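Residue numbers (the UniProt record's numbering): 1 to 245.
Next up, the structure:
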């Protein structure tokens with residue numbers, strides 16, 4: 001069964017539209033989102049409204065949670081630029097979009113694979129950047145395949161016996177999933193890549209063929225930057241899009 005796995009849209013409508021057009025052309029059986037629909041970008045409401053009807057399943061991300069908060073205690077979890085975007089995003093949310101984000105679960109298991117935003121032991125806040133954190137997630141639940149986002153860096157962590165290895169997930173190089181191994185795959189980011197590649201990213205997963213492939217797509221970074229600056233969002237957040245950082 002082919003799935004399109006998207007994550008970390010971050011209110012970037014230009015990137016999302018390019019990704020959704022590519023997904024429509026490939027015609028998966030289902031689309032899944034790993035959270036962070038909003039935050040950083042200039043189009044939180046249009047992004048949620050655009051993607052919501054297409055999703056089979058979705059989980060909540062840390063920026064989604066922050067945008068729903070009504071107190072400033074969340075400020076400690078973000079750098080000043082990200083927090084400024086959180087506060088701006090809160091003011092943009094409509095009640096229907098707010099209600100949708102509030103109803104998102106922390107975990108989802110479509111077709112038997114596990115989906116979280118951050119990690120298995122901490123679905124909202126923990127980043128999986130290294131072997132030790134990946135191992136802790138492998139130990140936290142008996143999954144075979146877990147899909148994550150949050151870091152904005154496409155990667156795959158593999159457990160074979162007691163060994164855990166991690167490596168970048170490179171575009172257009174299909175990863176064959178072996179039946180005697182366990183996997184944590186990071187799908188990268190649609191709207192805020194941070195692996196040095198500014199192109200939008202999403203994951204194509206075929207559960208029948210047991211293959212996962214990272215897809216990268218060009219989009220109008222300049223248009224998103226223009227909208228961010230016009231909205232009064234921090235210039236640094238707009239500038240970094242051009243560098244994939």
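From the three backbone atoms N, C-alpha and C, an ideal C-beta is built for every residue, glycine too. These figures come from a predicted structure and were not determined experimentally.
message: Taking the alpha carbon of residue 5 as the reference point, which residue from 195, 149 and 126 has its own alpha carbon closest?
response: Ranking the options by Cα distance to residue 5, first place goes to 149.
query: Which residues in the same chain have their Cβ closer than 6 Å to the Cβ of residue 169, if we skip the five residues on either side of it in sequence?
result: Around residue 169: 154, 155, 156 and 214.
- prompt: Counting only runs that start and end within the segment 206-241, where is the alpha helix (DSSP H) found for 4 or more residues in a row?
  reply: Correct list: 221-231 and 235-239.
- request: Compute the beta-carbon to beta-carbon distance between residue 98 and residue 54, rounded to the nearest angstrom, for a pair I have assumed lies under 8 Å.
  value: Going by Cβ atoms, the distance from residue 98 to residue 54 rounds to 20 Å, so no, they are not a contact pair.
field: Beta-carbon separation (whole angstroms), residue 151 vs residue 128, contact threshold 8 Å
entry: Right, the Cβ-Cβ distance comes to about 7 Å (below 8 Å), so this counts as a contact.
query: Does DSSP put residue 157 in a helix, in a strand, or in coil?
result: Taken through DSSP and simplified to helix, strand or coil, residue 157 comes out as strand.
N- and C-terminal bounds of the beta strand (DSSP E) containing residue 131: No beta strand (DSSP E) contains residue 131, which is instead part of the alpha helix (DSSP H) from 131-140.
field: According to DSSP, residues forming a beta bridge with residue 185
entry: Paired residues: 147 and 156.
task: To the nearest angstrom, report how far apart residue 16 and residue 160 are at their CA atoms.
output: Distance between the alpha carbons of residue 16 and residue 160: 35 Å.
query: Is the beta carbon of residue 191 less than 8 Å from the beta carbon of residue 8?
result: Using a Cβ distance threshold of 8 Å, residue 191 and residue 8 count as a contacting pair.
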